[in-house]
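All residue numbers for the sequence shown refer to the numbering used here, where the first residue is 52 and numbers rise by one.
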Amino acid sequence: MPPLSFPSAQQAQIIRANQRDLYHVSSLRDQTESVLRSWLGTRWLTRWDKEVELLVKLAYYGITTGRAMQTLGEEYTDIWQSSLHTPPSFRSRTSLVLLSALSAFTAEEISESIADWHWLRF
Numbered sequence: 052m053p054p055l056s057f058p059s060a061q062q063a064q065i066i067r068a069n070q071r072d073l074y075h076v077s078s079l080r081d082q083t084e085s086v087l088r089s090w091l092g093t094r095w096l097t098r099w100d101k102e103v104e105l106l107v108k109l110a111y112y113g114i115t116t117g118r119a120m121q122t123l124g125e126e127y128t129d130i131w132q133s134s135l136h137t138p139p140s141f142r143s144r145t146s147l148v149l150l151s152a153l154s155a156f157t158a159e160e161i162s163e164s165i166a167d168w169h170w171l172r173f
């Protein structure tokens, strides 16, 4: 049986898939914040806001990409993640999940520490 052959995704499909994923991550985050706010209060949520966002992204991308399934955006545009017409390996999927979730979190943490250091130095 020959390997499955998928056509390459067009740029517009990739952009629409990303926009759809951002919409669903944002919706999941809003719902998570609503539950956490009612359980733990606004003060707790304000203090742990970045970590909540990180956990929501890890959950969304872990459940979809981490399990070698399409994200909702990929499903919407009918595209698949593949590498040379084969599904990504477990290591690749794990890297994709961690990079998509940790990149923004790490960048924000670094920028905050630089801003704090700048004010302390002068």
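Beta carbons are placed, not taken as given, at the ideal position from N, Cα and C, and that holds for glycine.
Would you mind reading off the limits of the alpha helix (DSSP H) that contains residue i?
{"i": "Trp90", "result": "Gln62 to Leu91"}
{"i": "Thr115", "result": "Asp100 to Thr115"}
{"i": "Thr137", "result": "Element bounds for Thr137: n/a, residue is neither H nor E."}
For residue i, which residues in the same chain have their Cβ closer than 6 Å to its Cβ, ignoring the five residues on either side in sequence?
{"i": "Gln132", "result": "Pro139"}
{"i": "Leu191", "result": "The displayed coordinates of the chain run from 52 to 173. Any statement about residue 191 would go beyond what the structure contains."}
Pick helix, strand or coil for residue i, following the three-state DSSP scheme.
{"i": "Ala119", "result": "coil"}
{"i": "Ser193", "result": "Outside the shown range of the chain (52 to 173) lies residue 193, about which nothing can therefore be said."}
{"i": "Ser133", "result": "coil"}
{"i": "Ser162", "result": "helix"}
{"i": "Ser2", "result": "The shown model of the chain, from 52 to 173, leaves out residue 2, and the question about it has no answer."}
Measure the C-alpha to C-alpha separation of residue i and residue j and round it to an integer number of angstroms.
{"i": "Gln121", "j": "Ala68", "result": "10 Å"}
{"i": "Arg98", "j": "Ile114", "result": "26 Å"}
{"i": "Ile65", "j": "Val86", "result": "32 Å"}
{"i": "Lys101", "j": "Ala152", "result": "11 Å"}
{"i": "Ile165", "j": "Arg80", "result": "27 Å"}
Using alpha carbons as the reference points, say which of the options lies closest to residue i.
{"i": "Leu105", "options": "Ala166, Ala158 and Gln70", "result": "Ala158"}
{"i": "Leu149", "options": "Tyr112, Arg88, Ser89 and Gln82", "result": "Tyr112"}
{"i": "Arg144", "options": "Gly124, Glu160, Arg118 and Ile130", "result": "Arg118"}
{"i": "Val107", "options": "Leu91, Ala60, Thr128 and Leu73", "result": "Leu73"}
With a threshold of 8 Å on Cβ separation, who are the neighbours of residue i within its own chain once the five nearest residues in sequence on each side are excluded?
{"i": "Leu96", "result": "Glu84, Leu87, Arg88 and Val103"}
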